[in-house]
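Peer 1:
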Amino acid sequence: MNRKNSVEKYLSLIRSLRIFCPDIAINTAYTGKKKRKYPIEFLGIYREDSNITIRLPKDLIVKYIPKEKTINTKWFEYKRISKYNNNTVTLKQVFDVKEQIVSVKDYKKFKSALEKVIYFLRERIILERKR
258 MNRKNSVEKY LSLIRSLRIF CPDIAINTAY TGKKKRKYPI EFLGIYREDS
308 NITIRLPKDL IVKYIPKEKT INTKWFEYKR ISKYNNNTVT LKQVFDVKEQ
358 IVSVKDYKKF KSALEKVIYF LRERIILERK R
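Following the working numbering, the numbering of the sequence shown begins with 258 at its first residue and continues without gaps.
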């Protein structure tokens, strides 16, 4: 699916900063318990991806762009690729579920890896207005 959106939908303004929130969502309920009595069962094997391109106006510069990250487990792979070149920011994120079931005995490892992904998803692109 391809969408074209206005940046204002994802942009927070704080003084001279513009904070951009990428739009990939992962259900955080999977990490809500310390221990599980039952396995996690995803509805299926699926892929969630987001490709964002931002062409910056001449009065904005990139103050921070998240670094590239990869987390590869037997249950899922998360990958983020980010670039800034010629006044254009590109950010690609992929969350690829590879196994439909996470066993009770594997939950601790799964939870730890998924919490890292959730942390990475909180990182924002920060733009600043030139002075």
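No residue lacks a Cβ here, since even glycine has one placed at the ideal position from N, Cα and C. Just so you know, these numbers come straight off a predicted model, no measurement behind them.
1) Report yes if the CB atom of ILE283 is closer than 8 Å to the CB atom of TYR321, and no otherwise.
2) Per DSSP, what are the beta-bridge partners of ASP363 in this structure?
3) Could you tell me the boundaries of the beta strand (DSSP E) in which TYR335 lies?
4) With a Cβ-Cβ cutoff of 8 Å, do PHE299 and VAL361 count as a contact?
5) Looking at PHE377 and ARG326, is the spacing between their C-beta atoms short of 8 Å?
6) In this structure, how does DSSP classify LYS368 when only helix, strand and coil are distinguished?
7) How far does the beta strand (DSSP E) with ASP353 in it reach, from first residue to last?
8) In whole angstroms, what separates the C-alpha of THR288 from that of ARG388?
Peer 2: This is what the structure gives:
1) no
2) DSSP lists no partner for ASP363.
3) 333-342
4) no
5) According to the sequence shown, residue 326 is Lys rather than Arg. Yes.
6) helix
7) 345-354
8) 43 Å
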